[in-house]
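Heads up: take any position in the sequence shown, counting from 1, add 13, and you land on the numbering used here.
Beta carbons: idealized from backbone N, C-alpha and C, even for Gly.
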Amino acid sequence: MLVLNCSTKLQKLEKMLRWSFPVSLKVYGAVMNINRGNPFRKEVVVDSWPDFKAVITRPQRQVHMHTDDLDHYTNAHAVFYKEPQAYQELLENTNAINWEHIFQIQGLQDGICGISRAVALSKQVDVKTSSFRMVIHSDPDMLPDVKLQMNPKFTLAYLDISHSSLLNKTWSRGGNPRCEKYLANLICSFPSACVLDDKGYPLSWSLTDQFATMIHSYTLPEHRRKGFSRLVTTTLAKKLHSCGFPVQGNVLEANLPSVSLLKSMNAHFLPCSFFRVIHTPFQFLTKPH
Numbered sequence: 014m015l016v017l018n019c020s021t022k023l024q025k026l027e028k029m030l031r032w033s034f035p036v037s038l039k040v041y042g043a044v045m046n047i048n049r050g051n052p053f054r055k056e057v058v059v060d061s062w063p064d065f066k067a068v069i070t071r072p073q074r075q076v077h078m079h080t081d082d083l084d085h086y087t088n089a090h091a092v093f094y095k096e097p098q099a100y101q102e103l104l105e106n107t108n109a110i111n112w113e114h115i116f117q118i119q120g121l122q123d124g125i126c127g128i129s130r131a132v133a134l135s136k137q138v139d140v141k142t143s144s145f146r147m148v149i150h151s152d153p154d155m156l157p158d159v160k161l162q163m164n165p166k167f168t169l170a171y172l173d174i175s176h177s178s179l180l181n182k183t184w185s186r187g188g189n190p191r192c193e194k195y196l197a198n199l200i201c202s203f204p205s206a207c208v209l210d211d212k213g214y215p216l217s218w219s220l221t222d223q224f225a226t227m228i229h230s231y232t233l234p235e236h237r238r239k240g241f242s243r244l245v246t247t248t249l250a251k252k253l254h255s256c257g258f259p260v261q262g263n264v265l266e267a268n269l270p271s272v273s274l275l276k277s278m279n280a281h282f283l284p285c286s287f288f289r290v291i292h293t294p295f296q297f298l299t300k301p302h
C-alpha cells in the first residue's frame, strides 16, 4: 500500500484515470479536487505505483484523528479498481481504511458492494448499500437554453453558509447536525448555484460534493414547475465545465420528475450505476447517527 503525496504523481494519476471513464469518475473528481487546493483535505491510497490495480481516496490520516466516528458524510471514500482482488486486499488493510468508525464508500462498479459485504463480516461491521442512475452532461455548452422570465425580486446567486440549515432539512440524507456541518463545508469549498428571493432565502439550488458531483438539487414545493431547477442545474453545470470538471450527477430511478428533467436537458445516462456503501461497526448500531 502506498499513499500518493507527490504532486507530480497525483497529476499523473488524474490523467491515467481518464482512460477508465466512466467507472473511474468518482475517484477522478476527488483527485481533481486534491490537485486544485484540496479543500476537503483528502489523500490517495494505491496498491502499487505506477501500475496500480486499485485506488482509494480517503480523508487525510491526520484529519481522521479529529473526525467524529459517527460522521459518515465526512468519512467518505471513493474507489476505483482494475482487479477486484487488489481492491479487496486494500480494503482489508487497516492502514488503508479505518474500520473503527462509520464510513462510506462510493464508486461506479457493482463489485464494490459484494467486496464490502465479504470484508465487513469478518470485521463485525454492518453494511448498507444504495444505488442510483448515473448521469453526465458530456458537453454542458450544448445544454438547452433556459428561457425564463424570472420575477425581478428573485436573483440567481451562490449558496451561503447560512443556508446550510435549510439544505439539511430538505435533503433526504439529512436532518441531523452532522449533515448540516457537512453541507456547510461543501458550500464553503465547492461551486453551487441557487435562486434567492428578495430576502436572500433560497427557493431552488444545487451544489457540488467532495467528489465533484452535483448533489441535492432541490426546489421548494411552492416554487416548482417555474423553471428554477433547470436554471440552477444549467448554471452549475456550466460553472463546473468552465473549471475543467466532468459534469456528473446521480438520481434515484424512482425520482421520475428529476429523471424527466435530466432527459429534457440532454443528460447522458451512463450504463454503470452509482453505488454508496455505508459501513457501521456493530458497536454503533444502537446509537443515532
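- If one requires a minimum length of 3 residues, the beta strand (DSSP E) runs lying completely within the segment 167-201 are 168-170, in chain order.
- For Arg243, the enclosing alpha helix (DSSP H) covers residues Phe241 to Ser255.
- Only buried fits Leu209, as 16 or more other CB atoms lie within 10 angstroms of its CB.
- If only complete runs of 4 or more residues are kept, the segment 93-161 shows the alpha helix (DSSP H) at 97-105 and 124-135, in order along the chain.
- The three-state secondary structure of Tyr231, taken from DSSP, is strand.
- Scanning its chain for C-beta atoms nearer than 7 Å, with the 5 sequence neighbours on each side dropped, one finds around Cys126 the residues Thr142, Phe288 and Val290, in chain order.
- Contact check between the segment 252-269 and the segment 84-104: fewer than three CB pairs, one atom from each, fall below 8 Å, which does not count as touching.
- Secondary structure of Ser219 (DSSP, three-state): strand.
- Sorting Val148, Met147 and Ser129 by C-alpha distance to the C-alpha of Asp139 places Ser129 at the top.
- In this structure Leu172 is in contact with Pro215, their Cβ atoms being roughly 7 Å apart against a cut-off of 8 Å.
- Taking a cut-off of 8 Å on C-beta distances, the segment 230-243 does not touch the segment 56-65, as fewer than three cross pairs fall below it.
- The continuous alpha helix (DSSP H) containing Thr21 extends over residues Ser20 to Arg31.
- Its chain contains Asp84, Tyr86 and Thr87 as the residues whose beta carbon lies nearer than 8 Å to that of Tyr195, once the 5 sequence neighbours on both sides are disregarded; these appear in chain order.
- Note on Pro204: 16 or more other CB atoms within 10 angstroms of its CB, so buried under the neighbour-count rule.
- Judged by beta-carbon spacing, Pro259 lies within the 8 Å limit of Ile149, meaning their Cβ atoms are closer than that value.
- Secondary structure of Ser286 (DSSP, three-state): strand.
- For Asn279, there is no enclosing beta strand (DSSP E), as DSSP marks it with neither H nor E.
- A check of alpha carbon separations from Asn263 across Arg237, Glu235, Leu233 and His229 identifies His229 as the nearest.
- Here Leu103 is near Asp60, since their CB atoms are less than 8 Å apart.
- With contacts defined as CB atoms closer than 8 Å, Pro35 and Lys55 fail to qualify as a contacting pair.
- With a cutoff of 8 Å on beta-carbon distance, His90 and Ile115 are scored as not near each other.
- Taking 8 Å as the cut-off, the Cβ atoms of Gly42 and Phe224 count as close.
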